[in-house]
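The structure appears right after this line, and notes come after that.
2 protein chains.
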Amino acid sequence: MPLSTDEVIDTAAELLRRHGLADLSMRRLASELGVRPGALYWHVENKQTLLVRVADRVLADVPTTTSGAPARDIRRLLTAIRTAVLPVPDGGEVVALGYALDPTSVQVFVHLRRLIGDLGVAGRDRAAATDLIVHHVLGSIAAQQDRQLAGLPTRGASAAFDRGVALVLDRLGRPTETTETAGATESTETTDRRQEEAT
Amino acid sequence: MPLSTDEVIDTAAELLRRHGLADLSMRRLASELGVRPGALYWHVENKQTLLVRVADRVLADVPTTTSGAPARDIRRLLTAIRTAVLPVPDGGEVVALGYALDPTSVQVFVHLRRLIGDLGVAGRDRAAATDLIVHHVLGSIAAQQDRQLAGLPTRGASAAFDRGVALVLDRLGRPTETTETAGATESTETTDRRQEEAT
DNA sequence: ACCTGAACACCGTTCAAGT
DNA sequence: ACCTGAACACCGTTCAAGT
């Protein structure tokens, strides 16, 4: 029976879960599957696209239910994401890569965006708030995991995370009167244009 | 004349700036400095601590001035950070590692924390707000850089970033009546304890 | 004090050739 | 369609030995 692509992704996710990114090499993955390294390149384009699919798998079991109370649903969802990703070494980094390269590929983030809409956040602010919250979840997970791998303490990490979430959600719950921001934007905009042309 | 540790860090930062993480190898760095790979290990403990020091260097030239208007200073500072890190390929990831492993080593983040205090954010919320904002800056930079490296479009990235900043700062400017959050915290706390014991 | 030589145990990716 | 063999051009880290 030939190797299936799903088998490749599953085994890669399993390898990440057990040993982290350092041991998730194409060669190690191949030997785990009983094939030669080159065989993997028939199933995936390269290691990066493999990682994007692994990120998807890591969050696949997080339920996306709705209760009618958006703020509470968001808090529940974020806690579930943290609980799912934290035990996977380098999970924060891998999921962040997935979100960067294909924000809609991970179902759970699409759902988060919806819940933020339900909260009454409209238009451009909805995308901005989603990014803000996703960066905060994944950033705080990655930081904690980096510290763990380095043998440093991580006390209070989850409490600090929850406070950060509260700071954002308290704001989003109420109607906004946002009108400023213009001044600071200028030079950043210039940088972006330079970089975007290079693409 | 023997090699100095500063020379090693400077050359590493230069290599990152020009070619990104993929070309910042200990071997490439050594040959750039005209020495054998092993020589580097007399100057730095390993590659990770090298990267933490490189992160420091990338942000070393961002000025930390105060004007008396904290909200404006924060916006200016964040734009300056973005402008400094964005042109350095993989800069977002490297600086995030530095912030995770040693949050006080980068002067600019210590200054940010101070400005947030000036804004009237007290106690635990000050650390939480700093983390939230730093994760947002570095997360949005890393996402944009990942997309650039993959050849994907990054239109509107800086506008989205600015909106995220505005969402947070609008809230922090005003006094808070935060009291909830408890419910969602529980299970996360459990996860943390498990992980922290494993360390 | 500072570095070389040389090794150890690895990487990701490509591609002709096999079945 | 799916995989092997074999190569290409690399990695980080260690450590005896040299100067």
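Same order as they appear, the protein sequences are chains A and B. Residues in the first sequence are numbered consecutively from 8, following the numbering used here. Residues in the second sequence are numbered consecutively from 8, following the numbering used here. We put the CB at the ideal spot given by N, CA and C, even for glycine. The structure displayed is predicted, hence computed values, not measured ones.
(request) Could you check what DSSP says for V102 of chain A in three-state terms: helix, strand or coil? (result) Residue 102 of chain A sits at position 95 when you count from the first residue of the first sequence. DSSP places V102 of chain A in helix when its eight states are reduced to three.
(request) Starting from the beta carbon of H143 of chain A, find every residue of chain B whose beta carbon is closer than 7 Å, and list them in chain order. (result) As a working note, residue 143 of chain A is residue 136 in the first sequence. Those within 7 Å of H143 of chain A in chain B are L139, H142, H143.
(message) Quick check on A157 of chain A: does DSSP put it in helix, strand or coil?
(response) Within the first sequence, residue 157 of chain A is the residue found at index 150, counting from 1. Coil, per DSSP.
(request) Give the secondary structure of R120 of chain B by DSSP, where H, G and I count as helix, E and B as strand, and everything else as coil. (result) By one-based count along the second sequence, residue 120 of chain B stands at place 113. When secondary structure is reduced to three states using DSSP, R120 of chain B falls in the helix class.
(message) Strictly under 9 Å for the Cβ-Cβ distance: is D132 of chain A near chain B by that measure?
(response) Mapped onto the first sequence, residue 132 of chain A falls at position 125. D132 of chain A belongs to the set of residues whose beta carbon lies under 9 Å from a beta carbon in chain B.
(request) Compute the distance between the beta-carbons of T137 of chain A and F116 of chain A, then report whether it is under 9 Å. (result) Stepping through the first sequence from its first residue, residue 137 of chain A is reached at position 130. Stepping through the first sequence from its first residue, residue 116 of chain A is reached at position 109. Going by C-beta atoms, T137 of chain A is nearer than 9 Å to F116 of chain A.
(message) Taking the straight line between their C-alpha atoms, what separation do you get for A91 of chain A and R43 of chain B?
(response) If you number the first sequence from 1, residue 91 of chain A lands on position 84. If you number the second sequence from 1, residue 43 of chain B lands on position 36. Looking at the two C-alpha atoms, the distance is approximately 43 Å.
(request) Report yes if the C-beta distance between G98 of chain B and Q152 of chain B is below 9 Å; otherwise report no. (result) As a working mapping, residue 98 of chain B is identified with position 91 in the second sequence. As a working mapping, residue 152 of chain B is identified with position 145 in the second sequence. Q152 of chain B sits close to G98 of chain B, with the two beta carbons spaced by under 9 Å.
(message) Give me the chain B residues within the contact set of L108 of chain A, using Cβ-Cβ distance strictly less than 8 Å, ordered along the chain.
(response) Numbered from 1 along the first sequence, position 101 holds the residue referred to as residue 108 of chain A. Chain B residues near L108 of chain A: D153, R154, A157, L159.
(request) Step through the CB atoms of chain A and report whether any lies within less than 9 Å of the CB of G171 of chain B. (result) As a first step, residue 171 of chain B must be located in the second sequence, where it is residue number 164. Among the residues facing chain A, G171 of chain B is included, as its CB has a counterpart in that chain under 9 Å away.
(message) Going by DSSP in three states, V15 of chain B sits in which element: helix, strand or coil?
(response) Residue numbering aside, residue 15 of chain B sits at position 8 when the second sequence is read from its first letter. Looking at V15 of chain B - three-state DSSP - the assignment turns out to be helix.
(request) Please state if the CB of D63 of chain A and the CB of S11 of chain A are separated by a distance shorter than 9 Å. (result) Within the first sequence, the letter at position 4 stands for residue 11 of chain A. Within the first sequence, the letter at position 56 stands for residue 63 of chain A. Against a cut-off of 9 Å, the Cβ pair of D63 of chain A and S11 of chain A comes out as no contact.
(message) Which residues in chain A have a C-beta closer than 8 Å to the C-beta of L31 of chain B? List them in chain order.
(response) On the second sequence, residue 31 of chain B is found 24 positions in, with the first residue counted as 1. Among the residues of chain A, none has a CB under 8 Å from the CB of L31 of chain B; the nearest is roughly 17 Å distant.
(message) Taking CB distances under 9 Å as the criterion, tell me whether S194 of chain B reaches chain A.
(response) Numbered from 1 along the second sequence, position 187 holds the residue referred to as residue 194 of chain B. Residue confidence is low: S194 of chain B scores 39 on pLDDT, short of 50, so the model does not pin down where it sits. No coordinate-derived value is stated.
(message) I believe L122 of chain B touches I81 of chain B by the beta-carbon criterion, under 8 Å. Please report the beta-carbon distance rounded to the nearest angstrom.
(response) Residue numbering aside, residue 122 of chain B sits at position 115 when the second sequence is read from its first letter. Residue numbering aside, residue 81 of chain B sits at position 74 when the second sequence is read from its first letter. About 5 Å; that satisfies the 8 Å criterion.
(request) Determine contact between the segment 48–55 of chain B and the segment 71–80 of chain B, defined as no fewer than three beta-carbon pairs at a distance below 8 Å. (result) The answer is no - the segment 71–80 of chain B does not touch the segment 48–55 of chain B, with fewer than three Cβ pairs under 8 Å.
(message) Helix, strand or coil, according to DSSP, for M33 of chain B in the structure here?
(response) Here residue 33 of chain B refers to the residue found at position 26 when the second sequence is read from its first residue. DSSP, read as helix, strand or coil, puts M33 of chain B in helix.
(request) Quick one: list the residues of chain A neighbouring G98 of chain B, beta-carbon separation under 9 Å, in chain order. (result) Indexing the second sequence from 1 puts residue 98 of chain B at position 91. Result: empty, since nearest Cβ-Cβ is about 12 Å, beyond 9 Å.
(request) Report yes or no: is there a C-beta of chain B within less than 9 Å of the C-beta of R24 of chain A? (result) Along the first sequence, read from residue 1 onward, the residue named residue 24 of chain A stands at position 17. Taking Cβ atoms only, chain B never reaches closer than 9 Å to R24 of chain A, which makes this a no.
(message) So with CB distances below 8 Å, who are the chain B contacts of V69 of chain A?
(response) Taking the first sequence and counting its residues from 1, the one referred to as residue 69 of chain A is at position 62. Chain B residues near V69 of chain A: none, gap ~13 Å exceeds 8 Å.
(request) Return the CA-CA distance between D109 of chain B and L47 of chain B, expressed in angstroms with no decimal places. (result) Along the second sequence, one-based indexing puts residue 109 of chain B at 102. Along the second sequence, one-based indexing puts residue 47 of chain B at 40. Approximately 22 Å between the Cα atoms of the pair.
(request) Give the residues of chain B in contact with L119 of chain A, contact being defined as C-beta atoms less than 7 Å apart. (result) Counting from 1 along the first sequence, the entry for residue 119 of chain A is found at position 112. The premise fails here: L119 of chain A is roughly 14 Å from chain B at the closest Cβ pair, so nothing lies under 7 Å.
(request) Determine the chain A residues that contact V175 of chain B at a beta-carbon separation under 8 Å, and present them in chain order. (result) Translated into the one-based positions of the second sequence, residue 175 of chain B becomes position 168. By Cβ distance, chain A contributes L139, L174, V175, R178.
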